[in-house]
Amino acid sequence: MDRMQELVQELDKHIYNYYVLDNPTISDAEYDKLYDELVELERKTGIILPNSPTQRVGGAVLEGFNKHRHEVQLYSLDKCQSKEELEKWVNGVKKVLPTATFAVEYKFDGLTIVCKYQNGYFVEASTRGNGIIGEDVTEQAKTIRSIPLKIPFKNELIIQGEGMITLSNLEKYNKTSTEPLKNARNAVAGAIRNLDPKETAKRNLDLFSYQILKIDGKNFNTQQEMHDFLVENGFKTGDYFKICKTFNEIWAEIEHIGNVKKSLDILMDGVVIKLNEVAHRDEFGYTAKFPKWAIAFKFPAEELSTTLEDVVWQVGRTGKLTPIAIIDPVNLAGASVKRATLNNMGDIERKKVKIGSRVFVRRSNEVIPEILGLAEDMPNSKEITAPTHCPSCGSELVENGANLFCPNSSSCPEQIIDRLTNFASREAMDIDGFSIMTAGEFYEKLGVKTFDDIYKLTREDILKLENFKDKKVDNLLKAIQKSRNVTLPKSIFALGIEGVGVKTAKDLSKKFGSLEKLRNASFEDILSVYNIGEVIAKNIFEYFRNEDKISELNELLKYVNVEVYRENISENEFTNKKVVITGTFERFGRVELTSLLESFGTQVVSSVSKNTDVVLAGENAGSKLAKANALGVKVIEEKEFYRILDGQN
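Numbering (this note's numbering), first residue to last: 7 to 655.
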């Protein structure tokens, strides 16, 4: 029994380090050895301790869900979507309590779960339901490793949190699942409401705790104290919690969260603002639905359902056809969305979407809108059929796995126009003023088909086009002339090799140093480049052995000089280090700052762990800075960073 208690205590510590702190202290193999020893002792003794981690794998299949009456009523939150509405609410609170401060937290987008503890042990969990009666999901909740089965606090405790699946775990699950999950929210709801807890366990859920509904023998003066208590007792609360004194401070936090939320590994749709002073909350009271002392600021919707009206097939620069969904317009993330991607025929079949059906659509910031899956089949829904011939040139299509290709690369109009557009883009040859419309006109009216054709154009040629006047033509010719000298990474990206993006082009440049060496590289040499898999390596290798591509490239090199790659790395505190960026910076945007650090040979990573070398902290640095301090990770603040850049000691 003593050894079993030791093992449970040690395994609990490692579960907390891994699933709550994201800071594992032993390997998976070492954890498995301890776990297997505990399983064997439980088998021999027939005894299972109430907080044993072996209970997290899921027990027998349940016959159904039992109703659960909440001891404390659960309220919804009042919502607002404008700066003016929020300011009015803050001013209303300040009018009653001038010294009020506010707790600002993420508005998690998952499934509400309530957990109860007695004598320091987890005893039950339930869903929100209607706020008065929910469903008992105790067995499912046991599988969530960020829910502690034992806590230091010994009196009765009821906490509220949000069941979540991280986006990385969702992606990992979908890679091996026969039935891909539509989105993170549905993934959690489906897992918690699955009568087989073993299926719940497979999704590797999390619980982010944010509210104490009931506690015996202890009082809290503030939401800050409540949050600290949750952390002290081993609950996962997320990477963000701020106290603000004024509306301007609150709004600055909302703007910051709006800027960084696309880089988060969780689904969140807004910010919750609560009166920090718990003792004064009764002065504000409740409506029938929500407390008057809290409000949720909602970001513009990123996911909605709508009708899939049609599917058109678009031919890309490599000849691959992409199905584009034409949908009944919806407003997502501040933009009217009428079209969304469906990837390929295999994607259509997996998601079971049909023309006329209602589908889930997601758009996050500037990311291309995507059809996530089927919401509802309608009586008039009809199957989406794959085309047999290219919609651009009529050539018979070739099937390659889940994708369809047009083999007519030399004469297919859409392929040619897309290749020319990519070639001239900012990340490639950077020919300012050369848009997809320009590429179309050059192809249709001036016969431009290959990259070198662009450099053969004269002023007189371009002036023949209706929309090109003197100044516009001169500017375009200057941009074309400027592009004759190009860096190696830009030239590689400009070629439009399938699967080769900006980062891969840079990695290839670092490895080979010149276009000539890349052209002559073996398949094995290309495959040895970090982050390049067999498929992309094969695409690169075959590109430089295709007679048409070789001929086009040779002609291009008569007009363009590709520089030999020289990595300009200045040795400094970031060279060859793993660095996390947090907060905002006066001189740089996030993309620009990341690019600068990478030029020093830095590996920029997204989360803080014991393996992080440096945390670069700007203005409004949040939980990542706090975590760095807790783990003893070196922190370089903005002023010091600029001194390093400027070569000052």
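Backbone N, C-alpha and C fix where the C-beta goes; we use that ideal spot for every residue, glycine too. As the structure is a computational prediction, the values presented were derived from the model and not from experiment.
Near Ile153, which residues of its chain fall below 7 Å by C-beta distance, leaving aside the five closest residues on each side in sequence? Cys121, Phe128, Ala147, Leu213
Please specify which runs of the beta strand (DSSP E), each continuous and at least 3 residues long, are wholly inside the region 373–452, giving them in chain order. 376–382, 404–406, 409–411
In angstroms with no decimal places, state the Cα-to-Cα distance between Asp271 and Met170. 10 Å
CB of Ala485 within 7 Å of CB of Asp438, strictly: yes
Are Ile460 and Ala445 closer than 7 Å when you measure CB to CB? no
Which whole-angstrom value describes the C-beta separation of Tyr292 and Tyr81, a residue pair presumed to lie in contact below a C-beta threshold of 8 Å? 6 Å
Should Asn371 go down as buried or exposed, given a rule of 16 or more other Cβ atoms within 10 Å for buried? In this predicted model, Asn371 has a pLDDT of only 48, less than 50, meaning its place in the structure is not dependable enough to derive any value.
Which value, in whole angstroms, describes the spacing of the CA atoms of Asp480 and Ser415? 31 Å
Using a Cβ-Cβ cut-off of 6 Å (strictly less than) and excluding sequence neighbours within five positions of Leu482, which residues of its own chain qualify? Gly439
Minimum C-alpha distance to Val367 - residue among Ile498, Ala109, Ser431, Ile330: Ile330
Does the ligand SAH have a heavy atom nearer than 6 Å to the CB of Asp476? Ligands are entirely absent from the displayed structure, and the ligand SAH is therefore not among its contents.
DSSP bridge partner residues for Glu111 (one or two, in chain order): Val278
Report, in whole angstroms, the separation of the C-beta atoms of Ile374 and Leu348, which I expect to be a contact under 8 Å. Ile374 to Leu348, Cβ: 11 Å. No contact.
Nearest CA to the CA of Thr324: which residue from Ser615, Tyr536, Asn406? Asn406
Determine the direct distance from the alpha carbon of Ile54 to that of Leu149, and round the result to whole angstroms. The question names Leu, but residue 149 is Thr in the sequence shown. One C-alpha to the other measures close to 16 Å.
Beta-carbon gap between Lys304 and Gln87 smaller than 7 Å: yes
Within 7 Å, strictly: CB atoms of Thr464 and Ile442: no
If you pair each beta-carbon of the region 584–592 with each one of the region 554–567, do three or more pairs fall below 8 Å? no
Comparing C-alpha positions only, which one of Asn200, Phe594, Val143 sits nearest to Phe647? Phe594
As a quick exercise: from Gly453, Lys220, Ser489, Asn192, pick the residue whose alpha carbon is nearest that of Phe429. Ser489
Inter-residue spacing [alpha-carbon to alpha-carbon] between Pro186 and Ala341: 27 Å
Are the region 92–111 and the region 243–257 touching, with three or more C-beta to C-beta distances below 8 Å? yes
Less than 7 Å between C-beta atoms, sequence neighbours within five positions excluded: which residues of the same chain meet that for His262? Thr590, Asn626
Measuring only the C-alpha atoms, how far is Lys475 from Met435? 23 Å
Does Ala147 come out as helix, strand or coil in the three-state DSSP assignment? helix
Quick check: Thr236 and Thr228, are their CB atoms within less than 7 Å of each other? Note that residue 236 is Leu in the sequence shown here, rather than Thr. Cβ distance not < 7 Å, so Leu236 and Thr228 don't count as in contact.
For Met170, the residue or residues it bridges with in DSSP: Asp212
Cβ-based neighbour list, Ala511, same chain, cut-off 6 Å, excluding 5 preceding and 5 following: Pro495, Ile498, Phe499
If distances are taken between C-alpha atoms only, which option among Glu643, Tyr549, Phe580 comes closest to Glu592? Glu643
What whole-angstrom Cβ distance do Ala408 and Gly352 have, given they're in contact under 8 Å? 3 Å
Who are the Cβ neighbours of Gly519 in its own chain at under 7 Å, not counting the five residues just before and after it? Val570, Tyr571
Residues sharing a beta bridge with Ile165, DSSP: Cys121, Ile218
Under a Cβ-count criterion, where at least 16 other Cβ atoms within 10 Å of its own Cβ denotes burial, should Ile157 be classed as buried or exposed? buried
Out of Lys298, Cys412, Asn200, Ala294, point me to the one whose CA is closest to Thr328's CA. Cys412
Between the CA atoms of Val506 and Lys462 - distance to the nearest angstrom: 27 Å
Where the beta strand (DSSP E) through Ile139 begins and ends: 139–141
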